[in-house]
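Sequence lines, in order, name chains A and B.
The letter at position 153 of the first sequence is residue 153 when you use the numbering used here, and the numbering goes up by one with no holes.
The letter at position 4 of the second sequence is residue 169 when you use the numbering used here, and the numbering goes up by one with no holes.
Notes follow the structure.
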Amino acid sequence: MTLIYALIAVALIYSAYKATRLKGLLNAALWLAATSCLTSLLLYLMGSPGVAVIELSVGAGLVTVLFVFAISIVGDEKIESKVFVPRIAALLITIVSFGALAFIWASNVPPVFTSKEADILANTIWDDRKIDIYLQAALIISGILGIMLLIAPAVTKHSKKEPNQ
Amino acid sequence: MSYVIIIAILGLLGIGFYCLIITRNLLKLVVALQVLIKGAMLAIIFAGSLTGKMETAQSMALTIIVADTIVAVIGLAMSIQVRQLTGTSNIRSISTLRK
């Protein structure tokens with residue numbers, strides 16, 4: 001079982017690396033979909049099939065479609081300007097911060113992980129976390145507004161003046 | 166098995182964080198955020214399974230998925246609008262929108 005987890009973890013890290021470092025945006029979107037698929041597989045193995053299904057349908061499905069749609073409008077572009085932080089400095093910051101986190105984690109040996117079934121997820125969602133559900137509804141409405149913004153043409157000074165002429 | 170999952174979580178968080186620092190393309194910024202959020206979601210589910218509070222962790226993961234999707238939608242919408250207004254997807258162009 002550990003071997004399956006290890007294989008999925010390696011594939012997950014590789015696809016995440018490809019998604020962030022590839023030049024083409026369309027390839028990056030497809031690798032991101034692969035990352036999402038592997039994340040949902042790991043979630044399923046860790047004993048949360050409900051979350052895994054939603055992650056698969058939303059993360060690998062909806063978000064990928066939105067990405068492809070956005071790339072078809074924006075197009076691929078090579079940006080030549082300088083980076084804010086030099087690559088070496090960024091790599092050092094990442095290694096130091098996450099290395100420290102890994103050290104803290106490794107020094108306290110974590111308890112043995114066992115995948116468990118959640119028994120009363122519905123009660124937790126609808127009773128204990130009622131406020132969060134309202135917040136999620138508000139977030140979904142803002143997402144709908146975001147999609148409307150995505151589809152609407154950009155408002156420029158010229159387009160504002162056009163109706164008066 | 167715990168260590169394998171911790172390595173996967175740290176790998177995702179590290180790759181997302183590094184790309185967030187280094188990238189200049191707005192669309193790539195959204196990709197980096199997505200990778201970062203996936204790492205955070207895995208960490209929350211893992212923490213839930215370790216502490217035995219799986220249902221709380223799952224409900225929080227569902228909230229994360231919703232928020233993650235909204236972040237992607239708003240980010241993509243913003244990048245399209247910035248591209249149409251300024252002609253480039255460079256992050257630096259956002260600061261010139263007021264001019």
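Using N, Cα and C, we set each Cβ at its ideal position, and we do this for glycine too.
Fair warning: this is a prediction, and the values are worked out from it, not measured in the lab.
Supposed close pair residue i, residue j - CB separation, criterion 8 Å
i: Y228(B); j: V63(A); result: The displayed chain sequence assigns Thr, not Tyr, to residue 228(B). Between V63(A) and T228(B) the Cβ distance is about 16 Å, and since that is not below 8 Å, they are no contact.
i: D76(A); j: L41(A); result: Actually they are not in contact, since the Cβ atoms of D76(A) and L41(A) sit about 29 Å apart, beyond 8 Å.
i: A9(A); j: A173(B); result: 4 Å
i: A106(B); j: V169(B); result: Lying before the first or after the last residue shown, residue 106(B) is absent from chain B, which here runs from 166 to 264.
i: A19(A); j: T39(A); result: Actually they are not in contact, since the Cβ atoms of A19(A) and T39(A) sit about 12 Å apart, beyond 8 Å.
i: G179(B); j: F98(A); result: 4 Å
i: L43(A); j: I210(B); result: 6 Å
i: I259(B); j: V247(B); result: 6 Å
i: L150(A); j: A70(A); result: 7 Å
i: A11(A); j: V68(A); result: Not really, about 22 Å apart at Cβ, beyond 8 Å.
i: I186(B); j: V85(A); result: 5 Å
Span of the alpha helix (DSSP H), counted from its first residue to its last, around residue i
i: S142(A); result: 130-151
i: S72(A); result: 63-74
i: N27(A); result: 25-45
i: G59(A); result: Per DSSP, G59(A) belongs to no alpha helix (DSSP H) and is neither H nor E.
i: K18(A); result: 2-21
i: V189(B); result: A quick correction: the sequence has Arg, not Val, at residue 189(B). R189(B) -> no alpha helix (DSSP H), and no H or E assigned at all.
i: F98(A); result: 87-107
i: S48(A); result: Element bounds for S48(A): n/a, residue is neither H nor E.
i: S244(B); result: 219-251
Nearest residue (CA-CA) to residue i, options the options
i: T124(A); options: A222(B), V238(B), I245(B), S258(B); result: A222(B)
i: M243(B); options: I79(A), I73(A), K78(A); result: I73(A)
i: K78(A); options: S167(B), L191(B), Y168(B); result: L191(B)
i: C184(B); options: I133(A), L91(A), I147(A), A33(A); result: L91(A)
i: L145(A); options: S254(B), A205(B), L241(B); result: L241(B)
i: D249(A); options: G252(B), S224(B), S254(B), L250(B); result: In the structure as shown, chain A starts at 1 and stops at 165, and residue 249(A) therefore has no counterpart that could be examined.
i: L177(B); options: I186(B), L250(B), K203(B), T261(B); result: K203(B)
i: R189(B); options: R87(A), A16(A), I133(A), E55(A); result: R87(A)
i: L7(A); options: N27(A), A29(A), L45(A), L22(A); result: L45(A)
i: E132(B); options: I147(A), I131(A), W126(A), A152(A); result: Because chain B here runs from 166 to 264, residue 132(B) falls outside it and cannot be looked at.
i: L121(A); options: A16(A), Y14(A), G47(A); result: G47(A)
> Are at least three pairs of beta-carbons, each pair with one atom in the segment 51-58 of chain A and one in the segment 211-221 of chain B, less than 8 Å apart?
Replying inline: no
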